[in-house]
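Q:
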Amino acid sequence: MAYRNGQRLPLDESGAGAGPVLRLSVNPRARRLSVRIDARAGEAVVIAPTERGLSQAVAFARSKAVWISERLAVRPKSRPLEPGQVISLRGRPVRLEAVPGAGAARLVGDGTIIRSGGEGEAYARRIENLLKREARDTLLERTDHHLRALGQGPVKMGIADTRSRWGSCSPHNRTIRYSWRVIMAPPPVIDYLAAHEVAHLVHADHSPAYWSVVERLVGDHKPWRKWLKDYGAALHAVGR
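Per UniProt numbering, numbering of the sequence shown is gapless, rising by one per residue and ending at 240.
Spelled out as structure tokens, the structure:
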């Protein structure tokens, strides 16, 4: 059977039931077949370097069916942005509160409370907009810091809500995009992410030379990479 990039199919080869889903992905930079869990989408992503390699990748994923099912079963539950909820902002707990009217969300007191007007989806949208503004301001500052450290010129920076990637860098047009959700992580993790993407302006791959640039910028990066791996799914569950 021929598979194609972006195709979705059941983990169960028989196709019976409404079990876990495999999402096929072709990544020319991949050096081997791999499977990762997209906790936000509730899917397993099957990655191959070429489209021709997808059939082997699917067989590999199905051989890991028990592991995939277990990982998807324990993914964090969604946490809506609603009054009374406690979320993180730069690694600190922040309580969400509602106020009458339709005013924009704002940080109050010592930054441990976000108050906003609106109800339901309108309320959640105002909270998310505040988090995006905070993410843009912080990531712009850290990006500029690392650009200066490497003697690099300015870049175009964007904030998005990607399904799995925390950031991306396009060296050819000097564009960096970040997931706004990283603003919920501790400051060293945010700083690491900015360094990770800026370093791709020097090396577009993940070679040892690339990682040496990241280390120049933030020192030992392994704890922050591990933090995103361990807790990133919980950030993706916020507001879902």
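We put the beta carbon where it would ideally sit given N, CA and C, even for glycine.
Under the rule that 16 or more other beta-carbon atoms within 10 Å means buried, what is THR138, buried or exposed?
A: Taking the sequence shown and counting its residues from 1, one reaches residue 138 at position 138. The residue in question, THR138, is buried, as its Cβ has 16 or more Cβ neighbours within 10 Å.
Q: Within this structure, are the beta carbons of ALA194 and ARG142 separated by less than 7 Å?
A: Position 194 of the sequence shown holds residue 194. Position 142 of the sequence shown holds residue 142. Result yes, Cβ atoms of ALA194 and ARG142 sit closer than 7 Å.
Q: Excluding sequence positions up to five away, which residues of its chain have a Cβ less than 8 Å from the Cβ of ALA61?
A: By one-based count along the sequence shown, residue 61 stands at place 61. Excluding positions up to five away in sequence, the list reads LEU11, LEU22, VAL35, ALA44, VAL46, ILE68.
Q: Which residue from GLY84, GLY111, ARG136, ARG148 puts its Cα closest to that of GLU119?
A: Translated into positions along the sequence shown, residue 119 becomes position 119. It is GLY84.
Q: Kindly provide the ranges of any alpha helix (DSSP H) runs that are 4 or more residues long and lie completely inside the stretch 119-152, ordered along the chain.
A: 120-149
Q: Are the stretch 176-187 and the stretch 157-166 in contact at 8 Å, needing three or more beta carbon pairs?
A: yes
Q: Determine the contact status of VAL99 and ARG79, defining contact as a CB-CB distance below 7 Å.
A: Looking up residue 99 in the sequence shown gives position 99. Looking up residue 79 in the sequence shown gives position 79. Cβ distance not < 7 Å, so VAL99 and ARG79 don't count as in contact.
Q: Which residue or residues does DSSP assign as beta-bridge partners of ARG177?
A: What you label residue 177 is simply residue 177 of the sequence shown in a count that begins at 1. According to DSSP, ARG177 bridges with GLY158, SER168.
Q: Mind the definition here: the stretch 103-111 touches the stretch 128-137 only if three or more C-beta pairs lie below 8 Å; say whether that holds.
A: Cβ pair count under 8 Å is three or more, so yes.
Q: If the criterion is Cβ atoms closer than 7 Å, does the pair TYR192 and HIS203 meet it?
A: The count along the sequence shown starts at 1 and reaches residue 192 at position 192. The count along the sequence shown starts at 1 and reaches residue 203 at position 203. No; because the gap between Cβ atoms is not below 7 Å, this pair is not in contact.
Q: Near ALA48, which residues of its chain fall below 8 Å by C-beta distance, leaving aside the five closest residues on each side in sequence?
A: Taking the first residue of the sequence shown as position 1, residue 48 is located at position 48. The beta carbon of ALA48 lies closer than 8 Å to those of LEU24, SER25, VAL26, ASN27, ALA30, LEU33, LEU54, GLN56, ALA57 in the same chain, with the five residues before and after it left out.
Q: Roughly how far, in whole angstroms, is the beta-carbon of LEU228 from the beta-carbon of VAL189, given that I think they are within contact range, below 8 Å?
A: Counting from one through the sequence shown, the residue named residue 228 turns up at place 228. Counting from one through the sequence shown, the residue named residue 189 turns up at place 189. Between VAL189 and LEU228 the Cβ distance is about 6 Å, and since that is below 8 Å, they are a contact.
Q: ARG71 and ILE37: beta carbons closer than 7 Å?
A: Numbered from 1 along the sequence shown, position 71 holds the residue referred to as residue 71. Numbered from 1 along the sequence shown, position 37 holds the residue referred to as residue 37. Yes. Within cutoff.
Q: Using the three-state DSSP reduction, which class does SER78 fall into: helix, strand or coil?
A: As a first step, residue 78 must be located in the sequence shown, where it is residue number 78. In the structure shown, SER78 sits in coil (DSSP, three-state: anything other than H, G, I, E or B).
Q: Would you mind reading off the limits of the beta strand (DSSP E) that contains VAL86?
A: Position 86 of the sequence shown, counted from the start, is the residue given in the question as residue 86. Element bounds for VAL86: 86-89.
Q: If the criterion is Cβ atoms closer than 7 Å, does the pair ALA135 and ILE183 meet it?
A: Taking the first residue of the sequence shown as position 1, residue 135 is located at position 135. Taking the first residue of the sequence shown as position 1, residue 183 is located at position 183. Closer than 7 Å, so yes.
Q: Please go through the same chain and pick out, in chain order, the residues whose beta-carbon is closer than 6 Å to the beta-carbon of PRO154, but skip the five residues on each side of it.
A: Here residue 154 refers to the residue found at position 154 of the sequence shown. Answer for PRO154: no residue qualifies.
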